[in-house]
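Residue numbers (the UniProt record's numbering): 1 to 381.
Using N, Cα and C, we set each Cβ at its ideal position, and we do this for glycine too.
Have a look at the structure below before the remarks.
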Ligand SMILES: Cc1cc2nc3c(=O)[nH]c(=O)nc-3n(C[C@H](O)[C@H](O)[C@H](O)COP(=O)(O)OP(=O)(O)OC[C@H]3O[C@@H](n4cnc5c(N)ncnc54)[C@H](O)[C@@H]3O)c2cc1C
């Protein structure tokens, strides 16, 4: 940025939870000209349901979005041996936690709609796939899109997920790879499995030797009719990534019933009956990818990574959306602070990014060390 008099131009790349949250938080600040680019031709979430836990409720509250999100209240989570159905444990949220912070399982589309409702109109540009970035020596970053258009921004926010093009350009040596976990996910009508014992009314994990089946309602009764109530099925299978020869894709490719059910043939009848109810053509496959920790989340004093782009952790204990939303909120607070103390300037921008990095890098270091110490997603209920 050359002159102090004009606003910062900030370009967000990607409109998942991270990009949308950053758009809400930053659009409330003065002296900022904001644009969000998304490669999809329409905004639609894939991947069934999402867990909203305490940290996610807190940031949704700060963003003014919490009241628009409902979903299934997880008053009890049941863990079973997936092969013989033996009950292993039941967990419930702490009675000390106010009800508004209790975990819920929510349709991803509903979280996305709730966030979108708070993004100012006209801010998002669809059909804009970022293909390249250029660090301009006289200020700013040039963004080049697949349709041949370009833009120049004072700050680029990479919110473009685990396969981030922004990260690829800013940190070309960083690579992600298949972790060995394949996840298949679907939402089906809850009525189609309500006759199966112990399945339809609560969230349950059916643990097996090389994976698990996860079942959960995703609706609050107030937001749907009984006929439209949906039920989430998410099943995982683990292979050795070093010996696996199959070509893997990252996100949401169709899978046949046969491909999915083949991995759960030894499971309890209730699991097999539930999987059998998924109509052909509905399963989506997600191969989990992850990469090493980035030591810094900013580059050139004018680029920042948030959400999955910044901490390619693959699933991140079922809290990845919360981390992404927190990132956007914290960046907005850092910019607000430095703009107020230094006036909007290149220096203020650089200081804000340094504050962000100083807060978030150690946070992601702690999360990663928990992952490396073997904590799994189901231990963060
Ligand atoms: C199986 C599974 C289960 C999960 N369960 C949970 C859960 O229960 N709770 C939870 O909080 N988290 C969960 N997560 C993690 C969560 O989904 C992610 O952490 C979260 O979606 C990250 O948000 P994001 O905005 O950073 O990235 P994304 O949601 O990946 O969004 C990135 C956006 O960028 C767009 N984009 C990508 N490339 C470009 C480009 N070149 N140009 C323009 N746009 C681009 C994409 O189209 C997309 O809209 C789960 C993840 C997985 C894989």
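Residue from the options whose Cα sits closest to the Cα of residue i
{"i": "residue 274", "options": "216, 325, 173", "result": "216"}
{"i": "residue 233", "options": "227, 264, 225, 224", "result": "264"}
{"i": "residue 257", "options": "245, 239, 279", "result": "279"}
{"i": "residue 74", "options": "105, 294, 55", "result": "105"}
{"i": "residue 237", "options": "340, 82, 22", "result": "82"}
{"i": "residue 174", "options": "102, 164, 26, 108", "result": "164"}
{"i": "residue 93", "options": "87, 180, 76, 255", "result": "76"}
{"i": "residue 203", "options": "49, 159, 358, 43", "result": "49"}
{"i": "residue 101", "options": "308, 56, 132", "result": "56"}
{"i": "residue 270", "options": "324, 246, 198", "result": "198"}
{"i": "residue 121", "options": "191, 200, 36, 107", "result": "36"}
{"i": "residue 178", "options": "251, 241, 31", "result": "241"}
{"i": "residue 79", "options": "90, 117, 150, 126", "result": "90"}
{"i": "residue 42", "options": "32, 54, 52, 15", "result": "15"}
{"i": "residue 183", "options": "253, 150, 136", "result": "253"}
{"i": "residue 382", "options": "304, 226, 272", "result": "For residue 382 there is no data in the structure shown, the boundaries of the chain being 1 and 381."}
{"i": "residue 247", "options": "272, 27, 289", "result": "289"}
{"i": "residue 308", "options": "324, 332, 300, 301", "result": "324"}
{"i": "residue 181", "options": "161, 239, 138, 32", "result": "239"}
Cβ neighbour criterion (16 or more within 10 Å) applied to residue i
{"i": "residue 287", "result": "buried"}
{"i": "residue 195", "result": "exposed"}
{"i": "residue 154", "result": "buried"}
{"i": "residue 84", "result": "exposed"}
{"i": "residue 107", "result": "buried"}
{"i": "residue 112", "result": "buried"}
{"i": "residue 146", "result": "exposed"}
{"i": "residue 339", "result": "buried"}
{"i": "residue 245", "result": "exposed"}
Paired residues, beta bridge with residue i - DSSP
{"i": "residue 208", "result": "211"}
{"i": "residue 78", "result": "90, 204"}
{"i": "residue 34", "result": "10"}
{"i": "residue 84", "result": "Paired residue(s): none; residue 84 is not in a bridge."}
{"i": "residue 72", "result": "105"}
{"i": "residue 259", "result": "Paired residue(s): none; residue 259 is not in a bridge."}
{"i": "residue 152", "result": "142"}
DSSP three-state assignment for residue i, whether helix, strand or coil
{"i": "residue 254", "result": "strand"}
{"i": "residue 100", "result": "helix"}
{"i": "residue 280", "result": "coil"}
{"i": "residue 184", "result": "strand"}
{"i": "residue 159", "result": "coil"}
{"i": "residue 28", "result": "coil"}
{"i": "residue 222", "result": "helix"}
{"i": "residue 377", "result": "Reliability of the predicted coordinates at residue 377 is poor, the pLDDT of 44 falling under 50, and no value is obtained from them."}
{"i": "residue 4", "result": "Interpretation of residue 4 is limited by its pLDDT of 49, a score under 50 that renders its predicted location unreliable; no figure is taken from the coordinates."}
{"i": "residue 232", "result": "strand"}
{"i": "residue 391", "result": "Here the chain comprises residues numbered 1 to 381, so residue 391 is not present and cannot be evaluated."}
{"i": "residue 217", "result": "strand"}
{"i": "residue 289", "result": "strand"}
{"i": "residue 54", "result": "helix"}
{"i": "residue 327", "result": "helix"}
{"i": "residue 357", "result": "helix"}
{"i": "residue 189", "result": "strand"}
{"i": "residue 320", "result": "helix"}
{"i": "residue 346", "result": "helix"}
{"i": "residue 164", "result": "coil"}
{"i": "residue 134", "result": "strand"}
Residue-chain proximity (residue i, chain B), Cβ-Cβ < 8 Å
{"i": "residue 23", "result": "Here chain B cannot be found, since the structure has a single protein chain."}
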